[in-house]
Structure formats: C-alpha cells, structure tokens
Amino acid sequence: MGPRAKALRTVGRSLPPPPVQRASSEINRSPVGEKRNITENPGNSLSRTQTPMTAQQNLPADRLPELLRGMPKAELHIHIEGSLEPELIFQMAQRNGLTLPYASVDDLRRAYAFTNLQSFLDIYYAGASVLQTEQDFYDMAWAYLERARADHVVHAEIFFDPQTHTARGVSMQTVIQGLHRACEAARSALGVQARLILCFLRHLSEQDAFETLEQALPYRDQFIGVGLDSSELGHPPEKFAKVFARCRELGLRLVAHAGEEGPPAYVWSALDVLHVERIDHGVQSVKDPELMKRLARDRIPLTVCPLSNLKLCVFPRLADHNLRQLLDAGLAATVNSDDPAYFGGYMNANFTETFAATGLTAAHAYQLARNSFEASFVDAAAKAAYIERLDAFFATFQ
Ligand code: ES4
Ligand code: ZN
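Residue 225 in numbering that gives the first Met the number 0 sits at position 226 of the sequence shown; the count goes up by one each step and never skips.
As structure tokens, then:
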C-alpha cells in the first residue's frame with residue numbers, strides 16, 4: 000500500500016469521524032461535518048443529520064486541488080448570461096449584424112474591472128444584448144454546460160433573466176426554448192442534468208415581474224422556479240411580495256439574491272416575506288448573529304460565489320472571504336460561479352482559488368459538495384444517488 004492509499008478510509012455513514020491527524024503540510028483548523036441534529040423546521044427538505052466525512056482527512060495539501068476538481072458537485076448559482084465569454088459576444092454580434100462599442104475581445108475584457116455590483120451589471124446587460132435568436136441562447140447554454148462537465152458539475156440549476164431580452168423585443172419563447180433545448184441535450188450528450196430558474200430583475204417594478212411571469216407560464220414545465228437578481232441596494236425583497244406569493248401558489252421553487260451587498264434585513268425579508276428556500280450569496284448575514292442562528296437552525300442553503308465577491312469588491316482579498324465562518328457556524332453554504340465569464344473562473348476555479356487562499360481542507364470540500372446536492376431542487380431519491388456518488392469518489396480517491 001502506497002502512502003496515498005494508506006491515508007484513505009471508507010466513508011462511514013454512522014461511525015464518528017476518526018481523530019484528525021494533521022500532516023505538517025496540511026492546514027486543518029476547524030471541524031466540519033460534525034453530527035448536527037436539526038429539530039426544528041420539519042418542512043425543510045435538507046437531511047436533518049449531517050453524516051461525517053471520514054475519508055481523505057490526511058490528504059496532503061498538494062493533492063487538494065485535484066480532489067476539488069474531480070469531486071462530483073452541483074452548481075446552484077450561475078446566471079447563464081454571465082457565462083457569455085467575450086469571444087462568443089463578438090461572434091454573435093457579427094452573425095447578428097451588430098456593432099459593439101469595443102474594438103476587440105481584449106478591449107472588451109479590459110473593461111471587466113468592477114468596483115461594485117452596479118459597475119458589473121452595466122457591462123453584463125450590454126454583453127447580453129447580442130443574444131437575438133434561439134440558436135444564440137442554445138449556444139450560450141451549451142458552452143456553459145460543456146464547461147460544467149469539465150468541472151465535474153453533474154447537476155446545474157441555471158438562472159436566466161428574461162426581462163433583459165424581452166425588453167429588447169426578443170420573445171419569451173426564443174429565450175426559454177433555446178435554453179431548454181440545450182439543457183435537454185446536455186443530459187444525454189454530457190451527462191449533466193440542468194434545470195432553469197427564471198429571475199426577476201429587482202430594479203424593475205413588481206408589475207413588470209407579473210407581466211414576465213404571465214409571458215413565461217406557457218412554458219411552465221421548462222423551468223423549476225423563480226429568483227430575484229440585479230441591483231440589490233434600494234430594492235428589498237418585499238418589493239416583490241405579491242409576485243412571489245403567486246409563484247408559490249403555482250408550485251414554483253423560490254430563491255432570491257440577498258445579502259450580497261445588501262443588509263441582513265434583506266435576508267430576513269427574503270425568508271419571511273418571500274418564503275424563499277435558498278438565499279443567493281447571503282454573505283452579509285454574518286453581521287447579524289440572530290440571522291446566523293436562523294439560517295443554521297433551518298439549514299437554509301446559501302449559494303456563495305467567492306470569485307464574484309472578490310471581483311465586485313465585497314471582500315478586499317479572497318483570503319478575507321467568510322466562507323469558513325459560514326461553514327463553522329453550521330450553515331449549509333455552497334460554492335458557485337455566479338457570472339464565470341466576468342469573474343475569472345468557473346466552478347473549479349472558485350473551489351481551488353478559495354481553498355488556496357483560505358486554507359479550507361478536504362473535509363470542507365466534502366461538506367461543500369454534499370451541501371450542493373442537499374440544497375438542490377431534486378427529489379429525495381436523486382439527492383441520495385448524488386450523495387452516494389460523492390461518497391464513492393471520496394472513498395476511492397487516490
Ligand atoms: C448578478 Cl453577481 C449578481 N448579483 C445580482 N444580480 C446579478 N445578475 C447577474 N449577476
Ligand atoms: Zn448571482
């Protein structure tokens with residue numbers, strides 16, 4: 000048995016974790032995945048007992064990136080328009096006879112220097128304006144899904160912003176059918192399961208959101224839920240109370256961006272007014288200890304996007320990111336890419352760069368991947384199958 004094989008242990012579902020033996024090259028400061036019994040919120044679909052990750056605890060630090068890259072994972076926070084690479088923006092502009100206010104791909108990429116969320120959104124909406132035909136939407140989604148597969152993303156719940164397109168005269172049918180066709184093709188051709196979540200733009204009115212919902216309802220079976228995105232400050236979740244109530248009646252799954260730049264109060268109202276099942280970002284929650292208790296108690300998933308937070312100056316350095324704090328507080332945090340074409344990386348870059356900067360360990364990797372499946376909107380059987388696949392990966396990694 001080689002030194003690597005010796006470090007392996009079978010993942011035990013009911014055994015307590017073995018004592019952590021720290022290799023000198025490994026930083027392992029905090030336990031994660033300890034047994035945690037959640038006794039409240041019986042409606043919560045997350046498992047009440049978090050089983051411990053018992054394999055790979057002695058993994059040498061230099062092998063961690065490989066573990067992170069290869070582990071099966073779900074992506075739950077990706078704006079498909081934010082996956083549009085500059086090369087594709089230029090290709091689509093050309094085939095659609097549009098002129099961009101940038102001379103070249105490099106010139107456009109140079110404009111990707113953001114100071115806050117709004118400075119990014121201005122460029123993001125401009126980039127999305129090249130999308131005109133169903134094929135454009137298909138090609139954009141397909142390019143993302145290929146990248147997802149390369150990063151061992153086996154399940155993706157993908158946001159799209161229909162108002163960005165319908166406001167320019169592109170029909171809802173063009174948007175949804177192009178994206179949906181790509182999702183369908185990905186299942187057989189790539190082995191990636193993909194679902195769509197329609198996001199309302201919060202800088203627009205609730206009336207506009209209602210009209211968007213109406214236009215999307217003929218395609219109700221092609222998306223699983225709704226979200227809330229765009230400029231957070233000044234547009235609190237409660238602005239959309241009525242339209243979210245309607246979506247809830249329709250049986251749609253509910254999520255909302257909250258606590259990205261906005262205060263903990265926006266996370267509270269996303270939970271208590273909109274009744275969302277997950278919070279997108281939510282990193283500002285650490286400012287409110289009561290909110291942290293609530294998120295931990297109810298195992299409300301946070302879809303955290305570290306490279307996004309870095310590029311939008313939510314944290315000055317990746318080393319300052321609070322992902323470890325969220326996990327240590329018992330929150331069901333996940334790692335996601337948000338707008339990978341703009342923020343410098345897809346899923347695996349988010350994992351490897353964040354782990355390198357913050358000293359997270361193999362145990363955190365397991366917990367984050369497990370959280371991603373538990374927080375996903377798949378049924379219990381599919382969830383169990385994903386987690387089994389994850390356990391098998393950790394048990395055999397060498
Ligand atoms: C977004 Cl990073 C972020 N925040 C809010 N809305 C968005 N839409 C696309 N990316
Ligand atoms: Zn986002």
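Just so you know, even glycine gets a beta-carbon here, dropped at the ideal spot from N, CA and C.
Predicted model only: the values in this text are computed from it and were never measured.
| Check | Outcome |
| --- | --- |
| Beta-carbon proximity of Tyr345 to Asp150, cut-off 7 Å | yes |
| Whole-number beta carbon distance between Arg277 and Leu75, since they are thought to touch under 8 Å | 7 Å |
| Beta carbon of Tyr124 nearer than 7 Å to that of Thr163 | yes |
| First through last residue of the alpha helix (DSSP H) which encompasses Thr333 | Taken as a continuous stretch (DSSP letters only), Thr333 belongs to no alpha helix (DSSP H), being part of the beta strand (DSSP E) at Ala332 to Val334. |
| From Ala166, Phe222, Pro161 and Ala208, residue whose alpha carbon lies closest to that of Glu183 | Phe222 |
| 6 Å CB neighbourhood of Asn370 in its chain, flanking five on each side removed | Ala331 and Thr333 |
| For Ala391 and Arg62, the rounded distance between their alpha carbons | 18 Å |
| Backbone secondary structure at Leu301 - three-state DSSP | strand |
| Distance cut-off 6 Å: Asp337 Cβ against heavy atoms of the ligand ZN | yes |
| Cβ-heavy atom distance, His256 to the ligand ES4, below 6 Å | yes |
| CA nearest to the CA of Leu232, picked from Ala208, Glu259, Ala240 and Pro85 | Glu259 |
| Counterpart residues of Val174 in DSSP-defined beta bridges | Note: Val174 sits in no beta bridge, so no partner. |
| Proximity below 7 Å, CB of Ala112 to CB of Ile122 | no |
| Distance between beta carbons of Gly224 and Leu251, contact taken as under 8 Å | 5 Å |
| Nearest-angstrom Cα separation, counted from Ser103 out to Ser128 | 17 Å |
| Buried versus exposed call for Gln206 [16 or more other C-beta atoms within 10 Å across all chains shown] | exposed |
| Contact belief for Phe158 with His280 at Cβ below 8 Å, rounded distance in angstroms | In fact, because the Cβ distance is near 12 Å, the residues do not count as touching under 8 Å. |
| Minimum length 3: unbroken beta strand (DSSP E) runs contained in the segment 227-301 | 252-257 and 277-280 |
| Beta-carbon spacing of His202, Ser375 below 7 Å | no |
| Separation of Glu145 from Ala379, as counted between CA atoms | 26 Å |
| Extent of the continuous alpha helix (DSSP H) to which Phe372 belongs | Ala361 to Glu373 |
| C-alpha distance - Glu373 paired with Lys382, whole-angstrom precision | 6 Å |
| C-beta atoms of Leu311 and Asn115 nearer than 7 Å | yes |
| For Leu306, the three-state DSSP class (helix, strand or coil) | helix |
| Identified DSSP bridge partners for Ile196 | Phe158 and Gly224 |
| Top-ranked residue by Cα proximity to Asp105, from Gln93, Val275, Trp267 and Glu86 | Glu86 |
| Buried/exposed call for Arg194, threshold 16 Cβ in 10 Å | buried |
| Val19 burial status per 10 Å Cβ neighbour count (16 or more: buried) | Summary for Val19: the model assigns pLDDT 33, below 50, so the residue's position carries little reliability; its value from the coordinates is reported in the next sentence. By the neighbour-count rule (16 or more Cβ atoms within 10 Å), Val19 is not buried but exposed. |
| Rounded C-alpha distance that separates Gln117 from Ser230 | 6 Å |
| C-alpha gap between Asp271 and Pro236, whole angstroms | 10 Å |
| Below-7 Å beta-carbon distance, Tyr345 vs any chain D residue | Absence of chain D from the displayed structure is noted, only one protein chain being present. |
| Val104, DSSP secondary structure in three states | helix |
| Inter-residue Cα distance where the pair is Leu306 and Leu216 | 34 Å |
| Reduced DSSP secondary structure (H/G/I, E/B, other) of Ala110 | coil |
| Member of Gly126, Pro288, Ala368 and Asp135 whose CA lies at the smallest distance from the CA of Arg94 | Asp135 |
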